[in-house]
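Undergrad:
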Amino acid sequence: MKYRLLVLALMLVGMACQAQNQMDKQGRKQGRWVKTDKQGAKIYEGTFVDDQETGTFTYYYPNGTIRIKNEYTVPGKICKHEVYDKDGHLLAKGNFNQKNRDGRWEFFSEKGNLIKYTHYKMGVRHGMQVIFTPNGDTAEVCNWNDNHRHGRWWKRIGKQGFITATYVHGGIEGRLVEYDDNNQLVQEGHYTKGERNGMWKHYENGQLVVKERWEMGYSKDRQVRLLLPEERFVSIYDIYYMAPQGKKKAIVYLSDGTKLIDEEPAEVLYGHVGNSHFTLANREARIMVATNLIVGTTLDREGREILSLDPKPDFDVFPDQDCMKMLKSLQLQKQTQEAGGVFDFEK
Numbered sequence: 001m002k003y004r005l006l007v008l009a010l011m012l013v014g015m016a017c018q019a020q021n022q023m024d025k026q027g028r029k030q031g032r033w034v035k036t037d038k039q040g041a042k043i044y045e046g047t048f049v050d051d052q053e054t055g056t057f058t059y060y061y062p063n064g065t066i067r068i069k070n071e072y073t074v075p076g077k078i079c080k081h082e083v084y085d086k087d088g089h090l091l092a093k094g095n096f097n098q099k100n101r102d103g104r105w106e107f108f109s110e111k112g113n114l115i116k117y118t119h120y121k122m123g124v125r126h127g128m129q130v131i132f133t134p135n136g137d138t139a140e141v142c143n144w145n146d147n148h149r150h151g152r153w154w155k156r157i158g159k160q161g162f163i164t165a166t167y168v169h170g171g172i173e174g175r176l177v178e179y180d181d182n183n184q185l186v187q188e189g190h191y192t193k194g195e196r197n198g199m200w201k202h203y204e205n206g207q208l209v210v211k212e213r214w215e216m217g218y219s220k221d222r223q224v225r226l227l228l229p230e231e232r233f234v235s236i237y238d239i240y241y242m243a244p245q246g247k248k249k250a251i252v253y254l255s256d257g258t259k260l261i262d263e264e265p266a267e268v269l270y271g272h273v274g275n276s277h278f279t280l281a282n283r284e285a286r287i288m289v290a291t292n293l294i295v296g297t298t299l300d301r302e303g304r305e306i307l308s309l310d311p312k313p314d315f316d317v318f319p320d321q322d323c324m325k326m327l328k329s330l331q332l333q334k335q336t337q338e339a340g341g342v343f344d345f346e347k
C-alpha cells in the first residue's frame, strides 16, 4: 500500500512538472513557469499568456526570499513593481509601462521609512521629487521636466535653514538665497543660464562680510569686510600679506603700502578671504601671503630659509614644510608649462 502511494505521489509530481514551463506550437510561453538555477534554487515564477507575463510574477534571491514582485494589470506591459532586499525589507515600489518607470515611485530605508518619492513619464523624471531626512522631515523639494530640473527648488540646510532657487531646463536661473537656522540671510546672488553672474553677498550673523562679482561663472572680484573699527570693504587682490596681531586682531598689508588693523581675529579674516589667492606660509605664525608674490626662497643673515617675496615686506616669512611642498608644486607646474604642457616625471 505504501509503495502504491509513493508511486502515485511521484506520478502527480511528474504531471505537475509537465503542466508547467510549456510552450505552444508558435514557440510562445503558456501557463505557469518556474525557472531555477543549476543548484535548483528558484529564480522566478509566474504565468504567461501568449508569451506575455500576466498576473503575479515573483523573482527570488538564492536564499529563497523575494527580490522583485510584479503585478501585471496589462499583460507584458503595465505592472506594479516592488523591490526587496535579502532580508525582506521593501526598498522601492512604482509602476512600469513597457519596461519604463511611469508615474510615482517611492523609495524606502531598511527601517521602512520613506526616503524619497519622485515621478516619471515613460522612463524620464517628470514632475515633483521630494527627499526626506531619516527622521521624516523634508530635506529637498524640486521639480523635473523631461529629465531636467525645472521649477522651484528648496533644500534644507541644518535643522531649520534652507537654500532656494529656480531651475530652468537643468540650470539655475535668477536669484538664489540661503538662510540659517535662525532665519538670518547667509548668502544671496544671481545665476544666468546656470552660471553665477553679477553680485553675490555673504553674511554672518546677519551682517554682510563678503561681496563678490561674477561674470558667467568666473570670479572677477572678492571684497572682504574689515573693521578698522569703522567698516570698510577691501578687494582681496589689493591685499598682499596678513598676520595675527595678538589673539583678537589682524594686521593687513595692502598693495599701496598701507597697513590696516582689522578689529577681529585673524582666523575670521582668513575665512573671508578664502584660499584661492593666498597661501598659509607658516601655520604656527599664521602668516598669509598672496601666492602670486612668491618668487622662491632665499637665506637670511643667519642662514635660515625665508620666502623671497616681491614686493618684499618689512618682516621675514619663514615657510613651514607645507608651504615648501606647495612651492615645489608651483615650480613643477611652471616647468610643465615651459615644456609645452608635457613634463617627464622620470627625469
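Letter by letter, the sequence shown follows residues 1 to 347 in our numbering.
All C-beta atoms in this analysis are idealised placements derived from N, C-alpha and C, irrespective of residue type, glycine included.
How big is the Cα-Cα spacing for residue 201 and residue 246?
TA: Each residue's Cα considered, the two are about 29 angstroms apart.
Undergrad: When you compare the CB positions of residue 354 and residue 97, do they come within less than 7 angstroms of one another, or not?
TA: Beyond the ends of the chain as shown, which are 1 and 347, falls residue 354; an answer cannot be given.
Undergrad: Go through its chain and collect everything with a Cβ distance to residue 83's Cβ below 8 angstroms, but skip five positions before and after it.
TA: Closer than 8 angstroms at the Cβ level, and outside the excluded window around residue 83, lie 67, 68, 90, 91, 92, 93.
Undergrad: Under the rule that 16 or more other beta-carbon atoms within 10 Å means buried, what is residue 53, buried or exposed?
TA: With 16 or more Cβ atoms within 10 Å of its Cβ, residue 53 is classed as buried.
Undergrad: Can you tell me which of the three DSSP states residue 23 falls into?
TA: DSSP places residue 23 in strand when its eight states are reduced to three.
Undergrad: Spatial neighbours of residue 291 within its chain, please: C-beta separation below 7 angstroms, excluding the five flanking residues on both sides.
TA: Only 277, 278, 279 meet the Cβ criterion.
Undergrad: When you compare each of 281, 299, 301 to residue 293 by their alpha carbons, which one comes out closest?
TA: When each option's Cα is compared against that of residue 293, the closest is 281.
Undergrad: Am I right that residue 127 and residue 144 are in contact with their C-beta atoms under 8 angstroms? What's the rounded C-beta distance?
TA: With a Cβ gap of about 6 angstroms, residue 127 and residue 144 count as contacting.
Undergrad: Kindly list the residues whose CB is nearer than 8 angstroms to the CB of residue 43, restricted to its own chain and excluding five residues on each side of it in sequence; keep chain order.
TA: The answer, listed in chain order, is 35, 36, 37, 59, 60.
Undergrad: Per DSSP, residue 235 forms a beta bridge with which residues?
TA: Bridge partners of residue 235: 223.
Undergrad: At what residue ranges does the stretch 264-298 contain a whole run of the beta strand (DSSP E), taking only runs of 3 or more?
TA: Runs found: 278-282, 287-290.
Undergrad: Given 8 angstroms as the limit, is there contact between the stretch 257-275 and the stretch 224-238, that is, 3 or more CB pairs closer than that?
TA: Output reads yes: the stretch 224-238 touches the stretch 257-275.
Undergrad: Could you say which of 50, 39, 46, 45 lies nearest to residue 25 if we only look at CA atoms?
TA: When each option's Cα is compared against that of residue 25, the closest is 50.
Undergrad: Quick check: what's the CA-CA separation for residue 19 versus residue 32?
TA: Taking the straight line joining both Cα atoms gives about 8 angstroms.
Undergrad: Output needed for residue 323: all residues of its chain with C-beta closer than 6 angstroms, excluding positions within five of it in sequence on either side, in chain order.
TA: Same-chain partners within the cutoff: 281.
Undergrad: Does DSSP put residue 160 in a helix, a strand or coil?
TA: Correct three-state label for residue 160: coil.
Undergrad: Could you work out which residue in 167, 162, 318 is closest to residue 177 when comparing CA atoms only?
TA: Of 167, 162, 318, the residue nearest in Cα terms is 162.
Undergrad: Give me the Cβ distance between residue 224 and residue 273, rounded to the nearest whole Å; I'm assuming they're in contact under 8 angstroms.
TA: Yes, they are in contact, since the Cβ atoms of residue 224 and residue 273 sit about 5 angstroms apart, within 8 angstroms.
Undergrad: So what's residue 350 in DSSP terms, helix, strand or just coil?
TA: As displayed, the chain neither begins before 1 nor continues past 347, which places residue 350 out of reach and without an answer.
Undergrad: Nearest to residue 108 by alpha carbon, out of 121, 250, 134?
TA: Per the Cα distances, 134.
Undergrad: With DSSP as the reference, please indicate the residues paired to residue 218 in a beta bridge.
TA: The partner list for residue 218 (beta bridge, DSSP) reads 215.
Undergrad: Starting from residue 308, trace the beta strand (DSSP E) in both directions and tell me its first and last residue.
TA: Taken as a continuous stretch (DSSP letters only), the beta strand (DSSP E) holding residue 308 covers 305-309.
Undergrad: Please classify residue 175 as buried or exposed, where buried requires at least 16 other C-beta atoms within 10 Å of its C-beta.
TA: Per the 10 Å Cβ criterion, exposed.
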